[in-house]
Structures are given as C-alpha cells and as structure tokens.
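Chains as they are written, first to last, in the numbering used here: chain A, 242 to 357; chain B, 6 to 118.
We put the beta carbon where it would ideally sit given N, CA and C, even for glycine.
Below is one structure, written out as structure tokens, with a few remarks after it.
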C-alpha cells in the first residue's frame, strides 16, 4: 500500500533562515504528491502539488518542493522563514490508480516553529 | 460560498452514546471525505464518497457510518462512542479528480469520556 513518511515531527528555525521539511513516499511508480498546511485551530490548506508536469513545484507563500524520483522524495523548502509560517505541515500522496476517487494518504505531520 | 461547514465545533460524549457529525459543502463537489486527526498520526481517512448514493470505506472505518443522500451533505455517524474515538474530525470536499484541491472544513473536536 502507498505510504508517505515525514522525517522530523518538529522543526525549529530562526526567522529569515531556510526552511526544509522532508517527505519520502513508498511507491515505485511516481504518485501525485501534495503539501498541505494547517494553522492553529484551522482546517488544512493546499500549499502545492506535483502532477509530473515539472519536478520543481512552486506554491503559495513562497514555498516550493522538488520531486526527486531517484530518492523517492518531495521535500518542501522556503528560502527565508517568516513568523507567520509557524504551523503544521502535511505531505500527502495519491496513487495514480486512485486519481478518480480523490483518496489521499497523509504523512504524520511536521510542526514548524519559527523563532524571532 | 460558505465552503465546507462542519457542526458542532466541539462535542463531549459519554461512552456508548451515539451522535452525528454534520458536514455540508456548497461548491457542488462530487468528492467528500471524513478524516480523523490524532497527534503524531497525521490524518487518517475514515470514509469517502464519490457522489450522491456512493460511499466507501477508508483506512479506519470501524465504529463509523456514513451516507450521501445529496451532493451537499455527508454526515458521519458514531454508532456507540468509545474513548478511542476521541479525536479531531475533518470533512473535506473536491471535484472528483485527485489533482483538484481538497477543501477542508474547520473541524469538530470530539471527546469521549
């Protein structure tokens, strides 16, 4: 079964520093990949998605992610962290065979703390 | 558009009680789903629906029932609440294909004592 692993349940960076949140998937066939963000006491919001059109995907709020098939990874980055980026981030995956069902499998989540 | 709405926001139940969590969307989305969120476990899919009259089980369906009589509504029923069902529940909807964004409701925080 498809799965996704997020390395590090908690990441802390200083304001202005690089943000790197790690995500690895298990499928041998490249799936569809997503990053969602959850601000405190809110639902999830889509940051970006990989659909095989380009390996470097740009999302909202200055975030981007690079799909690396050889490493089965889809890490999320932002060059300069802002205090407002403090949130929980989820990587999610969907099998291409499930593309018409809308089913997503989520990782465990990574809490990003931004220090002043 | 109101988007995806969920009621109630908070609920406390005693073991063995039943209740229904409500979810509605006004975007004419075909796909709707229910997730539960527990610390360190991310979101796990409980049930989903690809259209009115069609539902299917997700990863953790035991103890929950769903139905989809209209496109707009997708209620989640807890048949006999257990402490293991203490969680935050999210409803989501999207156009069917996975490449369309899933829109999440604000969540329902449920405590079972």
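If you drop the 5 nearest sequence neighbours on each side, which residues of the same chain put their C-beta closer than 6 Å to that of residue i?
i                      : result
residue 347 of chain A : 331, 333
residue 71 of chain B  : 52, 60, 81
residue 308 of chain A : 291, 296, 315
residue 93 of chain B  : 42, 112, 114
In chain A, which residues lie with their C-beta within 7 Å of the C-beta of residue i?
i                      : result
residue 106 of chain B : 287
residue 112 of chain B : 284
residue 15 of chain B  : In chain order: nothing, as chain A lies at least about 11 Å away.
residue 2 of chain B   : This structure cannot settle anything about residue 2 of chain B, because the visible part of chain B is limited to 6 through 118.
Would you mind telling me which residues of chain B sit closer than 7 Å to residue i, beta carbon to beta carbon, in chain order?
i                      : result
residue 347 of chain A : 47, 48
residue 350 of chain A : 47
residue 299 of chain A : Simply none; closest approach about 15 Å.
residue 253 of chain A : Correct list: empty, because the minimum Cβ distance to chain B is about 17 Å.
residue 292 of chain A : 104
residue 244 of chain A : Chain B residues near residue 244 of chain A: none, gap ~11 Å exceeds 7 Å.
Among the residues of its own chain, which have a CB less than 7 Å from the CB of residue i, if the five just before and after it don't count?
i                      : result
residue 249 of chain A : 263, 351
residue 91 of chain B  : 115, 116, 117
residue 55 of chain B  : 35, 36, 101
residue 256 of chain A : 322, 323, 324, 355, 356, 357
residue 260 of chain A : 254, 318, 319, 322, 326, 353
residue 87 of chain B  : 20, 68, 117
residue 6 of chain B   : 31, 32
residue 27 of chain B  : 11, 12, 80
For the beta strand (DSSP E) that residue i lies in, which residues bound it at each end?
i                      : result
residue 251 of chain A : 251-255
residue 15 of chain B  : 15-18
residue 275 of chain A : 273-279
residue 59 of chain B  : 59-62
residue 9 of chain B   : 9-12
residue 51 of chain B  : 47-56
residue 288 of chain A : 285-291
Going by other Cβ atoms of all chains shown within 10 Å of its Cβ, with 16 needed for buried, is residue i buried or exposed?
i                      : result
residue 75 of chain B  : exposed
residue 320 of chain A : exposed
residue 2 of chain B   : With chain B running from 6 to 118 in the structure shown, residue 2 of chain B is simply not present.
residue 97 of chain B  : buried
residue 21 of chain B  : exposed
residue 275 of chain A : buried
residue 23 of chain B  : exposed
residue 62 of chain B  : exposed
residue 84 of chain B  : exposed
residue 15 of chain B  : exposed
residue 329 of chain A : buried
residue 244 of chain A : exposed
residue 110 of chain B : buried
residue 89 of chain B  : exposed
residue 278 of chain A : buried
residue 108 of chain B : buried
residue 29 of chain B  : buried
residue 311 of chain A : exposed
residue 358 of chain A : In the structure as shown, chain A starts at 242 and stops at 357, and residue 358 of chain A therefore has no counterpart that could be examined.
Who are the neighbours of residue i on chain B, taking C-beta pairs under 8 Å?
i                      : result
residue 331 of chain A : 47, 48
residue 250 of chain A : 45
Strictly below 8 Å CB to CB, what residues from chain A border residue i?
i                     : result
residue 79 of chain B : Near residue 79 of chain B there are no residues of chain A at all, since even the closest Cβ is about 12 Å away, more than 8 Å.
Name, please, each residue of chain B whose Cβ falls closer than 9 Å to the Cβ of residue i.
i                      : result
residue 296 of chain A : Correct list: empty, because the minimum Cβ distance to chain B is about 16 Å.
Might you give, ordered along the chain, the residues of its own chain that have their beta carbon closer than 8 Å to the beta carbon of residue i, omitting 5 neighbours on each side?
i                      : result
residue 305 of chain A : 289, 297, 298, 299, 317, 318, 319
residue 292 of chain A : 273
Next item on the list: Anything in the segment 305-334 of chain A with a Cβ closer than 7 Å to a Cβ of chain B? List those residues in chain order, please.
Entry: 331
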